[in-house]
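Chemist: Pasting in a structure now, in structure tokens, and then I'll have a few things to ask.
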């Protein structure tokens, strides 16, 4: 396929004059629509804008290559604009754009056109080619220039394969390189072209592996890597690095391969690149802090790194705990309402022990991998410790004026020691502050940026001390600072929220407003999916079960109003927590256009998690679209909690989902409440959530 086969005369403008980047994109999309390549212009425009939010496609040298891939594209195509006066496109080199090629790709497995687009990307690195396009007098001349260069260029595979180290006996420096970007249409190959030119200029032999949308091209083999003096990786997508262990390695973002290739080759010639130690399980991704995406996109990427690593612990551990309650129920202990329920029989105790340990790792793993995404491996340990502090908790100082008195008592550090003891560890009433899921998020971001700060602070240490940074300096100072800030600032502050919520819930219960209480408890379970609000409601429910046990010890029966109120509260909490994952799973099936393929594929696992009372299954959906998802899950969970309380459904178990329905009072109406709440969430998502591209 030739490049000109993807161009239509109707999709070319040689005298465009947009004033802004937005105008430039809008005009190019209109050209693409005029050529009949897209069936939904607005949907395609959203795809292009979404790609720009990840990283600007103004690649430098006066060139921009915006692109979009989706079902709204009928057939692959190009739209071209010559902007002789230039336009500010927020390019990587901050220079105006004079040539814009918009790329439209259908969402199919047939990627023949991608090789053609890749070739165009490499051709645009040639200054003479660019100048000829800018100075073209007619559309026919414009097409002729492209066709001629296309014929002379040959295929991308042939171009890259010419740069082989296998038969190079010149004796000079040899380099292997890998280029990759998330979309893999333009930047991957432009970076390869940039590195190739810079290597030729520096008289360095180079072989380049590209990892684009059409797969791995010109893959490096063991002999290539063995012969290389240095490895260069310019990538914004994951690249397997274990094969480069023991070699000098330079890692940069993909745009540096386009705009800073000469600088990279100078580092190669200087021999100052660090040796990559690596291990067999490691993959690399360009540091998120180096990417030119929006702040919101970076935060989302870091957060989802933690969430994705956390979910296996939640799923595996949560289901094992639920099975423990089922085992005790089958053994006939479900009706006792004992505080040991779920660990009465030895088999149940084993399941609950293993599952509880796995669930206990949820927040530390979340925090650790958020920090890892921000600061790479040095952030991991610091984040884990912050997450453990968030999930373990420490005391909340009720009267902050107490601190000054303790610090000023005049004794030899006695006041200071007493201050730390009372503030961070011991509270007069024995209470503790657990910041939970929200605290874990805060701990992860705090750890990542603490380590980045330490890296900047110690960047000028003598090279001989470089080995001490990741093994001693970063973990020691990072963990200490993380612990101080979490214990003395974030755990107490988030704890104030928990204390206030618990007081409110107790007041509602004492006033006999159980239906309102059910509504509030159910909604609270769906606000932050395991965060402090969710945990406050759950801890209140467990407290109610403890209170019920006390009432029973005092001689009350399970049908007394006070005991019933306790069990009704726990029932509303669990049904509220079961609604979000199930409601979302139903919406994925009934309104598939509102969700991505990956989200639709997770529907079954969400159904299982919802049935097992694992609310956290809804977290990825809430994190991706909080403004639409959270209100819908809150409404559904609130309805479920309200109906459960209205029907006077009771629950004697603190966890378990459908596995403990045998312990539910009025189980039929409890199922009705659960399904009704799930249906409300499903319908609201269908009404208010926007269609995905």
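Numbering (this note's numbering), first residue to last: 639 to 1331. Positions of the beta carbon are idealized from the N, C-alpha and C atoms, including for glycine. Note that the structure is a prediction, hence the values are computed from the model and not measured.
#1: Which residue marks the beginning of the beta strand (DSSP E) containing residue 1242, and which one marks its end?
#2: Tell me whether residue 810 sits in a helix, a strand or coil according to DSSP, three-state version.
#3: Under 8 Å by Cβ, that's how I've got residue 1208 and residue 1289 pegged, so tell me the actual separation to the nearest angstrom.
#4: What beta strand (DSSP E) runs, 3 residues minimum, are completely inside the segment 703 to 770?
#5: Between the C-alpha atoms of residue 651 and residue 818, what's the straight-line distance to the nearest angstrom?
#6: Short of 6 Å in beta carbon distance, which residues of its chain neighbour residue 658, apart from the five on each side in sequence? Order them along the chain.
#7: Which residues in the same chain as residue 1269 place their Cβ atom closer than 8 Å to its Cβ, once the five residues preceding and following it in sequence are excluded?
#8: Taking the alpha-carbon of residue 761 as reference, which of 773, 745, 784 and 1315 has the nearest alpha-carbon?
#9: According to the neighbour-count rule (16 or more other Cβ atoms, all chains shown, within 10 Å of its Cβ), is residue 1128 buried or exposed?
#10: Are three or more beta carbon pairs between the segment 713 to 730 and the segment 679 to 687 nearer than 8 Å?
#11: Between which two residues does the beta strand (DSSP E) carrying residue 841 extend?
#12: Find the nearest neighbour of residue 1250 within the set 857, 1279, 1213 and 1233, judged by alpha-carbon distance.
#13: Please state if the CB of residue 947 and the CB of residue 1003 are separated by a distance shorter than 8 Å.
#14: From residue 673 to residue 772, what does the alpha carbon distance come to, in whole angstroms?
#15: Which class does residue 815 belong to by DSSP, given the choice of helix, strand or coil?
#16: Taking the runs of the beta strand (DSSP E) that are 3 residues or longer, which of them lie wholly in the segment 845 to 915?
#17: For residue 1239, which option in 1178, 814, 1226 and 1205 has the closest C-alpha, if you only look at C-alpha atoms?
#18: Measuring CB to CB, does residue 729 end up less than 8 Å from residue 706?
#19: By how many angstroms is the C-alpha of residue 727 removed from the C-alpha of residue 648?
#20: Taking the alpha carbon of residue 1216 as the reference point, which residue from 1252, 1093, 655 and 1198 has its own alpha carbon closest?
#21: How about residue 847 and residue 858: do their beta carbons lie closer than 8 Å?
#22: For residue 991, which residues in the same chain have their Cβ closer than 8 Å to its Cβ, ignoring the five residues on either side in sequence?
#23: Indicate the three-state DSSP secondary structure (helix, strand or coil) for residue 646 in the structure shown.
#24: Within its chain, find whatever has a CB closer than 6 Å to the CB of residue 921; leave out the 5 residues flanking it on each side and keep chain order.
#25: Can you tell which of 1293, 692, 1081 and 662 has the C-alpha that lies nearest to the C-alpha of residue 1361?
#26: Could you please give me the residues that DSSP links to residue 1289 through a beta bridge?
#27: Drop a sphere of 10 angstroms on the beta-carbon of residue 1080, count the other beta-carbons inside from all chains shown, and report buried for 16 or more, exposed for fewer.
#28: Which residues mark the beginning and the end of the alpha helix (DSSP H) in which residue 1277 is found?
#29: Relative to the alpha-carbon of residue 1259, which residue among 765, 854 and 1222 has its alpha-carbon at the smallest distance?
#30: Determine, using beta-carbon pairs with one atom in the segment 1233 to 1248 and one in the segment 1107 to 1124, whether at least three such pairs fall under 8 Å.
#31: Return the Cβ separation of residue 895 and residue 872 in integer angstroms, given the expectation that the two are a contact with Cβ distance under 8 Å.
#32: Please return the same chain residues whose Cβ sits closer than 6 Å to the Cβ of residue 890, not counting the five positions on each side in sequence.
#33: So residue 1012 and residue 1087 are in contact, right, with Cβ under 8 Å, and what is the actual spacing, rounded?
#34: Would residue 1311 and residue 1278 be called neighbours here (beta carbons separated by less than 8 Å)?
#35: What would DSSP say about residue 1316, mapped onto helix, strand or coil?
#36: Name the residue from 1233, 1224 and 644 whose alpha carbon lies nearest to the alpha carbon of residue 1245.
Modeler: The relevant details are as follows:
#1: Residue 1242 -> not in any beta strand (DSSP E); alpha helix (DSSP H) instead, spanning 1241 to 1249.
#2: Looking at residue 810 - three-state DSSP - the assignment turns out to be coil, as it is neither helix nor strand.
#3: 5 Å
#4: 705 to 708, 715 to 725 and 735 to 744
#5: 30 Å
#6: No residues qualify anywhere along the chain.
#7: Closer than 8 Å at the Cβ level, and outside the excluded window around residue 1269, lie 1322 and 1326.
#8: 784
#9: buried
#10: no
#11: Where residue 841 is concerned, there is no enclosing beta strand (DSSP E), given that its DSSP letter is neither H nor E.
#12: 1213
#13: yes
#14: 21 Å
#15: strand
#16: 853 to 855, 868 to 873 and 886 to 890
#17: 1226
#18: no
#19: 23 Å
#20: Among 1252, 1093, 655 and 1198, the Cα nearest to that of residue 1216 is on 1252.
#21: yes
#22: 981
#23: strand
#24: The predicted model places residue 921 with a pLDDT of 46, which falls under 50 and marks its position as unreliable; any figure quoted below should be read in that light. Same-chain partners within the cutoff: 876 and 878.
#25: This structure gives no information on residue 1361, because the portion of the chain shown stretches from 639 to 1331.
#26: Its beta-bridge partners are 1302.
#27: buried
#28: 1264 to 1284
#29: 1222
#30: no
#31: 3 Å
#32: 872
#33: 7 Å
#34: For residue 1311 and residue 1278, yes; Cβs fall inside 8 Å.
#35: helix
#36: 1224
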